[in-house]
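Okay, so here's the structure we're looking at.
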Amino acid sequence: MEAFAPAAAVAPATLPSAFVSSGNLRTLRIASAGYASAPADTPASTPWTPRLLGDVEIGQTAVDALGLGGRAALAAAAIEIWDGDGFAADLARYGTATGRAVSVRLADVKNSRASDVGTPLAQARLVFAGTVAAVDRTDGQRARIALADATDRLNTPLQPILYQGTGGLEGGADLKGKPKPVALGRVFNAAAVFLGNIDLGAGALPTWQSSWRAVQAHDTVRIRGVAQTMVVGTPTVGQACDWPAQGCFQIGASPDGDVTCDLRGDAGEGYVETTAGVLRRLLQTLGPGFGATEFDTDAWALADADLPGAIGFFQAATPTTALAAAETVLAGCGAILAGDRTGRLRLSDPLARDPVPQFELPAPWIVECRPLALPAAFQPPPRVVEVAWGRNWSPLSNMAGSVPAADRQRLEAAQSVARAESALVTSRVAQQRSLTLPGLYATEAAAGVRAARWRDWIERGPRLVAVTTDRYLGQIEIGQIGRIAYPAYGLDAGLSGVVIGWREALAGRRVEIILAGSD
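For the sequence shown, position 456 matches number 440 in this note's numbering, and the numbering has no gaps at all.
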């Protein structure tokens, strides 16, 4: 579906792109005022029907994800159209537009008499690209088109590859139709999937699979908590053999209890273990299957540097969604995932700092400025930050007596915790609270670094500020770093922060930006 509107002429928005393809799909083009592309445009000499009513606002917010991690939500993303002729009847009744690609463009009016208002289609500015979330017919001969950004595609099964139940690496009849396991990064004590006795090259032996495809290595295999000796070749009692290319390992005899493993997971396109690396593998190779060009390369590179430390994620042969898996990874460190204006994915750290901001707003450029309340997690500020590490993906309760006490404690516990306490907050705040992140970090050191960053951010006195401006239209994105100055609310000396929300009125030519900062 396509639609858009010339700037300053009725409402300036484009709702384009429900792809034209061979599958009997057609592109619907609507605008706020009559528009036709030029003969040299692609598509050439094509009209956009005037249907858009009022202004169009688009925005995103990640305020609720601050301190928790998660994906940014579309805060304002609905387009109202005239429906007096029943244009939207089938779209609403049969859902034929839902899930289709949509884009919104803005054409500046340079010549009101020209069919393209003086702005060729190629020069019409893209302000949003995503999908149609729903079409609803409303009263007064109107319809409403709700939009969704790129993250909406995460609402899909994480693992599309299922066991066939035909034996061997396809599992027995008991596994038929179940998703194959997923292991990413450094995984501790996972209960891999038992496939039965299979001959992988060393004879028919008890075989477990931890990943649907090649892994880097199974570093430790345990039976009732007792580590088996890793060997090359045919294992015997007390031994295990790694088959990383198949995502499998074998043991030398039938076990007398739970079999678990530590591993460095998926290595299909190379091994990854950072938050950005694991999340991108999850989104690109699994579930929604985003293409390489659907990631904002710069944003992901910055996030990879801002979010160091090895993590691990494991999903056994049980169904889950890509969204649930992604939110588990994001919650572990408090990172934010968003779809940008062009339909690409952005990953960002709300604690990011950069001496060179991506945009600056001095006081004369600010139309309105107002402070916002911090999320409940920071009111009052917590005095201690706890970040989990060493997640135990299969806690054991029936361990052999020979398991050392230190190993027993870790194999029983669901996780360990790194803490960063603030003496400053403790001395100032009467109510003693904590911020807890369910980290997936592999080491205490990595979790400790993340806990310390959140503590330092809290000690500097975090603030949320919303500013409205007519600058940077069509440019603000979640995760960008900006700096503002304003002669009120203690902002005279300026505030640097990360964008965690924005809302833009296309015809009104105003954008509201929400910054989270602590200077």
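Glycine included, C-beta positions come from ideal geometry on N, C-alpha and C.
Query	Result
Coil, strand or helix - Thr259 by DSSP	helix
Under 8 Å between C-beta atoms of Leu345 and Gly466	yes
Cα-Cα separation between Asp92 and Glu154, rounded to whole angstroms	58 Å
Residue-level contact to chain B via CB, Gly271, 8 Å cutoff	The structure shown contains no chain B; it holds only a single protein chain.
Contact check, Val495 vs Thr427, beta carbons under 8 Å	no
Beta bridge counterpart(s) of Met214 as assigned by DSSP	Ala224
The segment 22 to 32 in contact with the segment 399 to 406 per 3-pair CB rule at 8 Å	no
Every unbroken beta strand (DSSP E) inside the segment 299 to 360 [3 residues or more]	320 to 323, 329 to 332, 343 to 345 and 350 to 356
Inter-residue CB distance, Leu36 and Ala15 (contact presumed, cutoff 8 Å)	6 Å
Contact check, Val40 vs Leu490, beta carbons under 8 Å	yes
Local conformation of Ala450 per DSSP, three classes	strand
Helix, strand or coil at Phe274 according to DSSP, with G and I counted as helix	coil
Buried/exposed call for Ser5, threshold 16 Cβ in 10 Å	At Ser5, the pLDDT of 43 sits below 50, so the modelled position is not reliable; the number obtained from the coordinates is stated separately. So Ser5 ends up on the exposed side.
Buried or exposed (CB count within 10 angstroms, at least 16 for buried), Arg97	exposed
As assigned by DSSP and simplified to three states, the class of Leu247	strand
Endpoints, the alpha helix (DSSP H) within which Gly432 is located	Glu428 to Glu443
Minimum length 3: unbroken beta strand (DSSP E) runs contained in the segment 42 to 126	57 to 66, 85 to 92 and 109 to 122
Closest Cα partner of Ala88 within the set Leu356, Ala17, Ser411 and Thr326	It should be pointed out that residue 88 corresponds to Val in this sequence rather than to Ala. Checked all of Leu356, Ala17, Ser411 and Thr326; the closest Cα to Val88 is Thr326.
From Gln193, Asp69 and Gly83, residue whose alpha carbon lies closest to that of Gly156	Gln193
Inter-residue spacing [alpha-carbon to alpha-carbon] between Gly51 and Ala361	7 Å
Stretch pair the segment 382 to 392 + the segment 204 to 213: three plus CB contacts closer than 8 Å	yes
Cut-off 7 Å between Cβ atoms - residues of its own chain near Pro303, not counting five sequence neighbours on either side	Pro141 and Pro163
Identity of the residues DSSP links to Trp486 by a beta bridge	Gln44 and Ile497
Three-state secondary structure (DSSP) of Thr11	coil
Integer Cβ distance of Gly485 from Thr135, believed to fall under 8 Å	About 15 Å separates the two Cβ atoms, so there is no contact after all.
Local conformation of Asp290 per DSSP, three classes	helix
Inter-residue Cα distance where the pair is Ala127 and Ala62	10 Å
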